[in-house]
Amino acid sequence: MNEDDERWMRRAIEIARSKGSDPSTSPLGSVIVLDGREIAGERNQTQELPDATAHAEMMAIRRACEDTGELELRGATLYSTLQPCGMCTMASIWSKVGRVVYGAGREDVHPMYFEARHVDTLSFIADAYRDDIVIEGGCLREECAGLYYPPDADLPRDEQANL
Ligand SMILES: [Zn+2]
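Residue numbering for the sequence shown is 1 to 163, as defined by UniProt numbering.
Structure below.
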């Protein structure tokens, strides 16, 4: 993790906040950087589209592939304000990004942002056939966690996106 990582994570936070800061809307931002250049920057758009798969990372991968005209994003780094879910972690593996950097981790936010009780998607990366992909968390952890409900928030059931 270095200064460039923090700079790109700030950009991801800015994108996450672009439609407000209500934690119930799951404000996630994702940026994909290749050769020092942003090739995609997206927020989750599940409610707007509506599309249950329109997570920030999925949208950014789609945009990056469209804009580069490439199926594979080798050498690229994907930044996300929150640890990617299982779907987005798998999409990162399939899209051939070389590195995933996230801000807040599972333990930093309310469980409503995750799909499964015990599956930790870090093991998806560890168990991937590819040995040219790494994942690192905790980049601007506190700022990123501030976008979401805290771990112990007492939320009504209808505000919990994963139920
Ligand atoms: Zn996701």
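Ideal Cβ placement from N, Cα and C applies to all residues, glycine included.
- Residue nearest to Val-31 within the set Ala-56, Arg-17, Pro-156 is Ala-56 (criterion: CA-CA distance).
- Collapsing the DSSP output to three states places Ala-126 in a helix.
- Membership of Ile-93 in the alpha helix (DSSP H) is indicated by the continuous run 86-95.
- Look at Glu-3 here: in three-state DSSP terms it is helix.
- By the Cβ rule, the stretch 8-28 counts as touching the stretch 145-161, because three or more pairs are nearer than 8 angstroms.
- The stretch 95-111 and the stretch 35-49 do not touch, with fewer than 3 CB-CB distances between them shorter than 8 angstroms.
- Burial check for Thr-53: the Cβ neighbour count within 10 Å stays below 16, so the residue is exposed.
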